[in-house]
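A short worksheet on the structure shown next.
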Amino acid sequence: MLAHTALRQRCAKWLFATGLFLMLGACVEKPSTLERVKEDGVLRVITRNSPATYFQDRNGETGFEYELVKRFADDLGVKLEIETADNLDELFNQLGKPSGPVLAAAGLVSSERRASQAKFSHPYLEVTPQVIYRNGRSRPTDAKGLVGKKIVVLKGSSHADQLAELKKQYPGLEYEESDAVEVVDLLRMVDEGQIDLTLVDSNELAMNQVYFPNVRVAFDLGDTRDQRWAVAAGEDNSLLNEVNEFLDKSQKNGTLQRLKDRYYGHVDVLGYVGAYTFAQHLQQRLPKYEKHFKASSKVEQVDWRLLAAIGYQESMWQPEVTSKTGVRGLMMLTQRTAQAMGVSNRLDPRQSIQGGAKYFMLVKDQLDASIKEPDRTWFALAAYNVGSGHLEDARTLARREGLNPNKWLDVKKMLPRLSQKQWYSKTKYGYARGGEPVHFVANIRRYYDILTWVTQPQLEGQTPTGNLQVPGINKDKPAEQPAPM
């Protein structure tokens with residue numbers, strides 16, 4: 009009897025100890041997603057490989073989404089690790105997997121279909137879905153006009169969702185979803201006439217239009233929509249809350265606007281004919297002078313593509329150009345500047361490029377130390393065009409208006425005032441054609457962006473023209489006649 013009692017007591021103690029252990033174990037909470045990110049010291053992000061999101065050039069990783077999410081990682085004090093998805097379905101499937109990406113930053117638009125897979129952040133970019141057709145072909149003007157057309161869109165995209173809804177209204181509407189293409193491929197297929205139409209967002213068209221001068225917007229399909237980041241679905245909102253706080257802060261402190269201006273604020277500079285012309289000159293002219301740009305870039309420690317962009321803006325890569333004011337050569341140097349930079353023959357492209365590179369870096373080095381990159385480069389370009397004195401006048405006007413004199417986004421608003429008497433009469437250096445440096449910088453930034461994209465490593469396997477790798481630039485002159493309605 010005593011033995012049975014002792015056994016029951018031992019069992020009771022064992023059960024009590026086991027229960028206590030389980031209870032204590034249950035009280036130890038798993039770390040939140042945000043805590044794990046900080047503990048690991050790594051923010052794992054999944055995105056798409058495209059000019060509007062993320063790509064690599066010779067200087068490393070870049071792209072609108074990359075730059076924004078890099079700032080977020082820096083804010084967290086962790087390292088950023090990027091992986092790319094082959095398609096949108098894969099992107100959402102990978103999100104939140106063990107040891108996988110915890111954040112998707114890929115120009116995403118929230119939808120009911122994705123609600124079970126992800127939770128979406130506050131918006132950071134407004135875009136408009138657009139129907140794209142080839143100039144010279146029949147242009148649809150509304151949703152009904154999509155019936156009977158060969159249409160391809162990205163598999164799993166919000167555009168596919170839009171077409172699925174339209175099909176309920178127009179049963180004859182047919183379209184294909186492809187996971188083997190990106191936006192660049194879709195635009196090329198329209199440009200080459202392989203398909204009739206596609207749907208892309210306005211920002212992605214803007215980034216890619218220059219490569220495909222025959223593509224046009226048929227019409228906007230629906231209202232503007234917001235792009236957002238995404239985290240895995242579930243009850244853990246720790247990372248999402250941090251993301252929202254970062255995006256809200258970036259909106260208020262101007263970070264988002266500066267990135268938008270950097271990537272999208274100058275995308276319409278070229279126009280259709282300009283895009284075609286630049287594409288032709290990339291193939292026919294730049295290969296003759298590329299070695300000189302690269303040689304000067306090594307000497308002056310400046311990106312050769314920026315020098316090439318300046319050269320194109322100045323002369324369209326024509327070494328014997330002379331302006332009415334006597335400015336000459338590929339980099340359009342004045343006689344005084346040429347002498348100061350050691351250029352004996354302004355019409356010699358090698359000397360002109362060397363002199364232009366040396367002068368640009370001199371102007372840049374003379375800027376106020378408080379001006380940081382990337383604004384410092386844009387300020388240097390403006391000073392290269394209009395002169396350092398007038399640039400300082402514009403910075404002074406910006407300061408008086410309560411704007412930041414060290415931010416190009418603010419100072420470029422003031423430069424056009426230098427041509428208005430009510431403003432230039434109050435400045436040290438007086439009148440200037442202040443609108444010119446604004447256009448000068450915008451043009452060069454656009455040319456530089458294009459050169460950055462066409463010289464990225466992923467494209468080096470393509471058939472080169474000369475020494476330059478040119479990704480799918482259509483060599484056919486764009487038809488400019490009005491498209492039939």
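Heads up: the sequence shown at position 191 corresponds to 199 in my numbering, and the numbers run straight through without jumps. From the three backbone atoms N, C-alpha and C, an ideal C-beta is built for every residue, glycine too.
Residue i - containing beta strand (DSSP E), residue span
i	result
Ser210	First-last for Ser210: Ser210 to Asn216, but that is the alpha helix (DSSP H), not the beta strand (DSSP E).
Ala226	Val223 to Asp228
Lys503	This structure gives no information on residue 503, because the portion of the chain shown stretches from 9 to 493.
Gln235	Arg233 to Ala240
Ser166	Careful: Ser166 lies outside any beta strand (DSSP E), inside the alpha helix (DSSP H) at Ser166 to Gln177.
Leu417	Careful: Leu417 lies outside any beta strand (DSSP E), inside the alpha helix (DSSP H) at Trp416 to Met422.
Glu184	Glu184 to Ser186
Where residue i sits in the DSSP three-state scheme
i	result
Gly395	coil
Arg52	strand
Tyr62	strand
Gly350	coil
Val446	helix
Gly108	coil
Thr41	helix
Glu134	strand
Ala113	strand
Glu200	coil
Leu205	strand
Glu47	helix
Glu400	helix
Glu190	coil
Glu2	The chain is shown from 9 up to 493; residue 2 falls before or after that span and cannot be answered.
Glu298	helix
Arg147	coil
Asn57	coil
Thr460	helix
Glu409	coil
Ser5	The displayed coordinates of the chain run from 9 to 493. Any statement about residue 5 would go beyond what the structure contains.
Gln292	helix
Ala287	helix
Ala303	helix
Lys429	helix
Residue range of the alpha helix (DSSP H) that includes residue i
i	result
Phe128	Here Phe128 belongs to no alpha helix (DSSP H); instead the beta strand (DSSP E) covers Ala126 to Phe128.
Thr77	Note that residue 77 corresponds to Val in the displayed sequence, not to Thr. Where Val77 is concerned, the enclosing alpha helix (DSSP H) stretches over Phe72 to Leu84.
Tyr141	Unbroken run through Tyr141 is the beta strand (DSSP E), Pro137 to Arg142; no alpha helix (DSSP H).
Val161	Counting along the chain, Val161 falls outside any alpha helix (DSSP H), though it belongs to the beta strand (DSSP E) covering Val160 to Leu162.
Lys436	Looking at the DSSP string, Lys436 is not in any alpha helix (DSSP H), and its letter there is neither H nor E.
Ser246	Ser246 to Lys260
Lys268	Thr263 to Tyr272
Glu98	Leu96 to Gln102
Buried/exposed call for residue i, threshold 16 Cβ in 10 Å
i	result
Glu340	Note that residue 340 corresponds to Met in the displayed sequence, not to Glu. Buried.
Thr232	exposed
Asn353	exposed
Gly364	buried
Asn216	buried
Tyr173	Reading off the sequence shown, one finds Glu at residue 173, where the question assumed Tyr. Glu173 should be labelled exposed.
Val307	exposed
Gly319	buried
Ala391	buried
Pro221	buried
Asp376	exposed
Ser323	buried
Lys420	buried
Asn261	exposed
Ala188	exposed
Ser129	buried
Among the options, nearest to residue i - alpha-carbon criterion
i	options	result
Ala60	Val53, Arg52 and Leu76	Leu76
Asn143	Asp401, Lys176 and Leu195	Leu195
Arg270	Phe128, Asn412, Asn211 and Gln288	Asn211
Gly49	Ala214, Ala81 and Pro137	Ala81
Lys163	Lys372, Leu417, Glu190 and Asn393	Glu190
Ser124	Gly242, Lys176 and Thr345	Gly242
Tyr62	Gln428, Arg52 and Tyr74	Tyr74
Val45	Tyr456, Leu248 and Val155	Leu248
Val110	Leu99, Asp187 and Pro424	Leu99
Arg52	Lys78, Gly350, Val335 and Phe72	Lys78
Thr345	Thr330, Gln326, Lys366 and Val329	Lys366
Gly337	Tyr297, Ser305 and Asn451	Tyr297
Val6	Trp416, Gln428 and Thr330	Here the chain has residues from 9 to 493 only, and residue 6 is not among them.
Asp83	Phe128, Thr263 and Arg407	Thr263
Ser40	Ser246, Thr136 and Ser331	Ser246
Thr149	Ser166, Gly230, Ala168 and Glu185	Gly230
Lys436	Arg384, Asp401 and Val449	Asp401
Val135	Leu314, Ala450 and Lys268	Lys268
Thr463	Ser118, Leu290 and Asp228	Leu290
Quick one: complete alpha helix (DSSP H) runs, 4+ long, within the stretch 305-391? Correct list: 312-323, 343-348 and 357-373.
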